[in-house]
Amino acid sequence: MRHVDAFGTGREGDLSGLLAEAGRWAGSLAGALGELEEQRLAGADPSGAVRAEVSGTGRLRALTIDPRGLRDLDHDQLAQAVQEAIVAAHQAMGDRLTEVVQELAGPAAAAGGGADPLEAHVRDLLRGE
Numbered sequence: 001m002r003h004v005d006a007f008g009t010g011r012e013g014d015l016s017g018l019l020a021e022a023g024r025w026a027g028s029l030a031g032a033l034g035e036l037e038e039q040r041l042a043g044a045d046p047s048g049a050v051r052a053e054v055s056g057t058g059r060l061r062a063l064t065i066d067p068r069g070l071r072d073l074d075h076d077q078l079a080q081a082v083q084e085a086i087v088a089a090h091q092a093m094g095d096r097l098t099e100v101v102q103e104l105a106g107p108a109a110a111a112g113g114g115a116d117p118l119e120a121h122v123r124d125l126l127r128g129e
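Residue numbers for the sequence shown follow the UniProt record's numbering, beginning at 1 and rising by one.
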């Protein structure tokens, strides 16, 4: 991300190069998100009685309840276990989404501590300075 780095060091850089680079990155991100949509990520409640599976976009795809686990759960506990399993699956999806974005950003972004090199410029733009 050569052009983004120029902004991060306080130089104006090549704006058309930056826009082209952002366009390529957006295309890569769209492709990666399309692939992520096809993935299935799972989570379970702490007891393991309920398992949920979500797509990479967070849509619930499957919910499985172990019949043996039902013996120890009343209806309120079952509802709580279902919620916990879905939350765990969504957390897995969020973790995978973070990995995808970090892979796209490349090693320079990881080495920079995740700081956005354009943050100061965007903040200035939003304040009208």
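Backbone N, C-alpha and C fix where the C-beta goes; we use that ideal spot for every residue, glycine too.
Using DSSP with H/G/I as helix, E/B as strand and the rest coil, what is residue i?
| i | result |
| --- | --- |
| leucine 29 | helix |
| glycine 23 | helix |
| glycine 94 | helix |
| glycine 17 | helix |
Taking 9 angstroms as the cut-off, decide whether the C-beta atoms of residue i and residue j are in contact.
| i | j | result |
| --- | --- | --- |
| valine 54 | glutamate 84 | no |
| isoleucine 86 | alanine 30 | no |
| alanine 89 | alanine 42 | yes |
| valine 100 | alanine 26 | no |
Can you give the Cα-Cα distance for residue i and residue j, rounded to whole angstroms?
| i | j | result |
| --- | --- | --- |
| leucine 63 | leucine 73 | 16 angstroms |
| glycine 48 | threonine 98 | 25 angstroms |
| serine 28 | aspartate 66 | 40 angstroms |
| glycine 56 | glutamine 91 | 11 angstroms |
| arginine 61 | serine 16 | 42 angstroms |
| glycine 23 | leucine 70 | 51 angstroms |
| arginine 96 | glutamine 102 | 10 angstroms |
| proline 46 | alanine 81 | 8 angstroms |
| alanine 105 | alanine 44 | 30 angstroms |
| glycine 58 | methionine 93 | 7 angstroms |
| arginine 68 | leucine 18 | 57 angstroms |
Is residue i near the ligand NAP, going by C-beta to nearest heavy atom under 8 angstroms?
| i | result |
| --- | --- |
| alanine 85 | Among the components modelled here there is no ligand, and therefore nothing to report on the ligand NAP. |
**OP:** Would you check if there are 3 or more beta carbon pairs closer than 8 angstroms linking the region 32-42 to the region 65-78?
**Re:** no
**OP:** Return the chain-ordered ranges of every beta strand (DSSP E) run that is complete within the region 33-92 and spans a minimum of 3 residues.
**Re:** Whole beta strand (DSSP E) segments, 3+ residues: 40-44, 50-55 and 60-65.
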